[in-house]
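In order, the protein sequences belong to chains A and B.
Be aware that the first sequence starts at 1, since it is given in our numbering, and climbs by one per residue.
Be aware that the second sequence starts at 1001, since it is given in our numbering, and climbs by one per residue.
Note that CB positions come from ideal geometry on N, CA and C, so glycine has one too.
In what follows, a single structure is set out as structure tokens and then discussed.
Protein chains: 2
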Amino acid sequence: MIRVITESHAVSVYLGDSLLFRHGSDAPAVFVGRGQARFDMYRGNFDIEDYLEAREPLTHLDVLQDGEAHRLAFRRHAEDELQLELRLETTRDGACLTTRYAAPGINRTWWRLAAERDERVWGCGEQMSYLDLRGRHFPLWTSEPGVGRDKSTYVTWRSDLENRAGGNYYHTNYPQPTFLSSRYYACHLETSSYADFDFRHDGFHELQVWAVPERLELFAAPSYLGLVETLAARFGHQPRLPDWVYEGVILGLKRGKAHAEEKLEQALAADMAVSALWCEDWAGIRETSFGARLFWDWQASESRYPDLAGWCRELESRGIRFLGYVNPYLCVDGELYPVARDHGYLATDGRGEAAIVDFGEFHCGVVDFTHPEACAWFKDTILKANMLDIGLSGWMADFGEYLPVDVTLANGVSAEVEHNRWPTRWARVNAEAVAERGKTAEATFFMRAGYTGVQAHCPLLWGGDQSVDFSRHDGIGTVITAALSSGLLGNAFHHSDIGGYTSLFGNVRTAELFKRWVDLAAFTPVMRTHECNRPTDNLQWFDSAELTEHLAHMSRVYRHLSPYLRALVEEGAELGIPVQRALFLHFEDDPEAHGIQTQYLYGPDLMVAPVVEEGVAAREVYLPAGETWVHLWSGVVEEGGRRLTVNAPDGRPPVFFRQGSAWRELFENVPGRD
Amino acid sequence: MIRVITESHAVSVYLGDSLLFRHGSDAPAVFVGRGQARFDMYRGNFDIEDYLEAREPLTHLDVLQDGEAHRLAFRRHAEDELQLELRLETTRDGACLTTRYAAPGINRTWWRLAAERDERVWGCGEQMSYLDLRGRHFPLWTSEPGVGRDKSTYVTWRSDLENRAGGNYYHTNYPQPTFLSSRYYACHLETSSYADFDFRHDGFHELQVWAVPERLELFAAPSYLGLVETLAARFGHQPRLPDWVYEGVILGLKRGKAHAEEKLEQALAADMAVSALWCEDWAGIRETSFGARLFWDWQASESRYPDLAGWCRELESRGIRFLGYVNPYLCVDGELYPVARDHGYLATDGRGEAAIVDFGEFHCGVVDFTHPEACAWFKDTILKANMLDIGLSGWMADFGEYLPVDVTLANGVSAEVEHNRWPTRWARVNAEAVAERGKTAEATFFMRAGYTGVQAHCPLLWGGDQSVDFSRHDGIGTVITAALSSGLLGNAFHHSDIGGYTSLFGNVRTAELFKRWVDLAAFTPVMRTHECNRPTDNLQWFDSAELTEHLAHMSRVYRHLSPYLRALVEEGAELGIPVQRALFLHFEDDPEAHGIQTQYLYGPDLMVAPVVEEGVAAREVYLPAGETWVHLWSGVVEEGGRRLTVNAPDGRPPVFFRQGSAWRELFENVPGRD
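Rendered as structure tokens:
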């Protein structure tokens, strides 16, 4: 399908009759240059500047046949020395440009792909603000996503002022230099260096990399679903979710065992479907001005969770799992830190001392995952001995975005280059520990950070730390964009903190927000509550009978739908097709479906349009053409191909199923149906 | 003093043994490229972005002797076609690189000058935030300076949000691509295109221009004062201030004649030294949400100022002048607009219609100052007939920064290129009108906007629209930075709105601020009050006996010092040496003096350190070494070479005179002395 056409001094790559890439002296598409970057990190937020010294078009190209492939020799002019040599070959799925040589000193490259004016592009990792990336540029650097993420909001301004944490639309824990085009192709740059994909131009997309990438990969498929399958095959598939997940909601609690026991009983008494307790404070807590933080020394806190192993067994006998929390840092005042430091398992500073990172009123060492023995130690001592072996069935594998660029690593690679790789290395350490204990089918972990290849290791994404509100770029709605964008790159399973996480500057959860989030989460692969960063300032499900009842009801809806969900998970694990899907994956020819990012298909048969605005009693839903849709709660039948306003009281988020669905009977018996 | 040393493929420019510029294939200092700019203007605030397509070092240089000069032929490589040809010649004051040829398509150039690590640089027009420019970059584009000008402040955030008017440290009404270096040289780029001077690098300064500049001019002098004189000779000298200025304060009033008469009597009754009334509402007013704005149809408002000509005569007989207000725009609902439009005197849009600019709740046409007949009409009809001839002795010549880049001009030059020239064109129209009536010595006007060459036409700068507060980047202190930086480029006369101008978001003038500003203004060439944008919400001098008395007292101080001021003005008019001077101009060898921007020398003999912080009773003053200093108010003698804390009650701003001054007796008899 992808065709390469060469002349002696030009090369073109077509998909059918559609030009994807052309480089010739008349219109160079590859540029090389030199720059000096400045990275300034403050608690996971990066201020990045570049001084660009040169950017030179490679106007002279010699194309040489090389067996089945072509050798492309790029120069700035005919008499120039060789600047860049690429090997271009077509592959089963598309085409690949592999770097064979780059002249010394080149540390910036730009790659132009041909674009069409009305083309849409999607992907670039887990994007929080925009599903369709056209018209904007997307720096790709794993970091805190920022609080507010919109310079016009008060919260963003305050965050910038007080914590340099304001963020912008493109900040994400999980960037990836991969995008899909509405022209039925996808493009991936194999690199971990800082990149910036620019989709603002009418006639071309421009991919900037602060390095010479290893490869530029092009993929084509006859359908969008096929493209997603191709990318999933390229980046890795996730294992199936453990069986226990389908039993109900995972209750996030972090006030010690007695409190957790009490709340579990309260939940069960309300007939809540509960699958697990997630007690992130299992290793202890620390009070900071940001709120209650955890004690980052990864072993059970005997004072907070006495005989945790025994309690895990007891819970499991009742069908309830216990989950914990871990991240790749060790607080300097913990017991594990000196062990890791003395063995040389921590990243070091310029003087050979353990590098210390400020996490906001406490400091940590960074476990060096480029060091095989450090990985083995972390897996054996922490993930296996301290977690799996005492009975934890999973955990939040937090962070991964904070590798400072000025540390020294065991593998000798610059931390600037390793920075984006860190989430994938972190995921791999977790996945290997689980696999080495033979628990891949039974234990899970969830991450917010990611990068190329995280798909092969991280079984479940969570959408990161939303603000406890409805704000456009940081609130409830962003978790849909996150699920849809990451799903296109083969991340089949996504979920979020019910109720959001970040409560700052007087911004606290309302009952309305909590209920809307519960309603949304019932139609995602995993339901899990979070107490947020300031638990006592914010509403919890156990604070009122109304909220308890609401969560209980929707947990039963979730459990009721689990046979359908299991089938979706199966498809996700086998093919990489995400459970939550952008509308265009199933409605390729419906242009209306292409721009929608606040509703999604939950598998092929359910259309979900959660309420993500404050103070509304209804929302607009687009039902694609060519289908007849049935309102999940009332059974009212609607013809597709139009927008309609759907009443949306709590507990009845706008959801429709396809009238012809094989799951119709299951849907018709959903709890709460008229 | 400046020496040029050539090799066959390299050129160096030295000042003594100190390298200023070197270009060779080993270390190119000139780069050319191509970019696509996007300018988005909203009410004088510009959002500017560049897509940089290429930036190429001109690594191949051929140097050819050409009489006394050298011809420099730049190529990207030996076989390249000619990219740039410059003529390099030494001049009486330095050296000059003149563009002779540039290859088609080049629209970006970069010029590196050698820098030393501890070098300081100053200038770049009228800078509000920083006198020493090292460590920062300075985009040079005349615009609104922004309200707040510091993204961390609430006012800036609100301004950005509501009016896109937040600004940053480098925004200014008056940029100029000219700087002075502590290495006793100055550099000027002759261009009006967008430029960005980057002083962040240890080893070089980099001047970016979105064009091929006409010339790069280097000036050397054995002293900083000599350098200022050289630049003043290059850019033009101002005429002397009119005699009546020295008589006292110019009272800014804008509530019609009856109110002005009443306030004048109130001032005179308080024994205030008054030189003029400045009634900017002479042409009428318009109420907007920003506050009371003026009616931009430049003719006396008979309803607000009945028989203005008669009143001007009456006032002048009492020794009081009358000043007005004008700007280069005509409101569409005025009488002059259709006349200008029908004669083709207005800038047009792409369809040949008059271009309309939004000024915030009203719209205007832009008089086309590239059209000689439009200039003549504006001078004859407005500045002469409507203003000078009825007896106005001067005016605020407001604006000049707003030329939109998408209008069509009579001279056929792109508005992107004309934009920065506009303030100078505007100044020239005003200066010519005054000169053509033979009133250069008697009438004056004051501008906030400027650019290269404005010095030759604008007799007096004012510091623009400060916020009515003590804020670091927008308050009272910025008018000192503004006076000192612009003064280094030959703008000898500067002053500011007493009390500031911009009152937004509940930010209003305090009595403390007003008094501190009066104290500062008494030690500037011109004292002038302003009612600010929201007169009735903000304190005025006539609102309390205390403020009236305070202004009256300091107006007498100003008048008392006028013999000294006259001598400074003489020096300013003859040599271009500014009245308000950075300390290093007179203390070149005192490194402490080089970094100070909140105190200044008022002529050679007075050291002025106004209080520019809120809520303080004293401030620190640096007295340079090698002098003995006398406290103006107490007569206490202090040895120089140290910092001391000086009590600073209202009416006694920290001011010292040189003990050996020829003006000692005048200083010792200042009103208010112990």
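Anticipated Cβ contact below 8 angstroms, residue i with residue j, distance rounded
i, j, result
"residue 1183/B", "residue 1119/B", "6 angstroms"
"residue 1744/B", "residue 1511/B", "Nothing in the structure corresponds to residue 1744/B, since chain B is present only between 1001 and 1674."
"residue 1723/B", "residue 1126/B", "Absent from the structure is residue 1723/B, since the part of chain B shown begins at 1001 and ends at 1674."
"residue 1254/B", "residue 1531/B", "6 angstroms"
"residue 1207/B", "residue 55/A", "That belief does not hold up - the Cβ atoms of residue 1207/B and residue 55/A are roughly 18 angstroms apart, past 8 angstroms."
"residue 660/A", "residue 229/A", "Rounded, the Cβ-Cβ distance is 23 angstroms, inconsistent with contact."
"residue 1499/B", "residue 1513/B", "7 angstroms"
"residue 251/A", "residue 278/A", "7 angstroms"
Residue-level contact to chain B via CB, residue i, 9 angstroms cutoff
i, result
"residue 113/A", "no"
"residue 311/A", "no"
"residue 104/A", "no"
"residue 40/A", "no"
"residue 197/A", "no"
"residue 171/A", "no"
"residue 54/A", "yes"
"residue 471/A", "no"
"residue 57/A", "yes"
"residue 146/A", "no"
Residues near residue i in its chain [Cβ-Cβ closer than 7 angstroms; skip 5 each side]
i, result
"residue 209/A", "109, 189, 191, 193, 195"
"residue 1257/B", "1304, 1305, 1306, 1311"
For residue i, three-class secondary structure by DSSP
i, result
"residue 479/A", "helix"
"residue 11/A", "strand"
"residue 1343/B", "helix"
"residue 97/A", "strand"
"residue 259/A", "helix"
"residue 599/A", "coil"
"residue 1289/B", "coil"
"residue 1247/B", "helix"
"residue 554/A", "helix"
"residue 427/A", "helix"
"residue 513/A", "helix"
"residue 361/A", "coil"
"residue 1466/B", "coil"
8 angstroms CB neighbourhood of residue i in its chain, flanking five on each side removed
i, result
"residue 1142/B", "1172, 1173, 1174, 1175, 1400, 1401, 1419, 1420, 1422, 1423, 1449, 1450, 1451"
"residue 555/A", "248, 249, 272, 273, 274, 522, 527"
"residue 553/A", "651, 671, 672"
"residue 1471/B", "1148, 1150, 1153, 1155"
9 angstroms Cβ cutoff, residue i in contact with chain A
i, result
"residue 1157/B", "yes"
"residue 1631/B", "no"
"residue 1078/B", "yes"
"residue 1051/B", "yes"
"residue 1021/B", "no"
Proximal residues to residue i (C-beta, below 6 angstroms), its chain only, five neighbours per side dropped
i, result
"residue 458/A", "427, 447"
"residue 1445/B", "1394, 1395, 1397, 1430"
Does the pairing of the segment 1516-1525 of chain B with the segment 1603-1612 of chain B give three or more beta-carbon distances under 8 angstroms?
-> Yes: the two stretches touch, three or more of their Cβ pairs being nearer than 8 angstroms.
Decide if the segment 1359-1373 of chain B is in contact with the segment 1309-1322 of chain B; the criterion is three or more beta carbon pairs, one per stretch, under 8 angstroms apart.
-> no
Validate contact between the segment 1038-1050 of chain B and the segment 1247-1266 of chain B using beta carbons, cut 8 angstroms, 3 pairs | no
Report yes or no: do three or more beta-carbon pairs, one from the segment 362-377 of chain A and one from the segment 385-393 of chain A, lie closer than 8 angstroms?
-> Not touching, per the Cβ criterion.
Does the pairing of the segment 1462-1480 of chain B with the segment 1209-1228 of chain B give three or more beta-carbon distances under 8 angstroms?
-> no
Please confirm if the segment 1008-1015 of chain B is in contact with the segment 619-632 of chain A, defined as three or more CB-CB distances below 8 angstroms between the two stretches.
-> Counting Cβ pairs under 8 angstroms, fewer than three are found: no touch.
Is the segment 1610-1624 of chain B in contact with the segment 1592-1600 of chain B, if contact means three or more CB pairs nearer than 8 angstroms?
-> A contact exists between the segment 1610-1624 of chain B and the segment 1592-1600 of chain B.
Decide if the segment 1158-1166 of chain B is in contact with the segment 1428-1443 of chain B; the criterion is three or more beta carbon pairs, one per stretch, under 8 angstroms apart.
-> no
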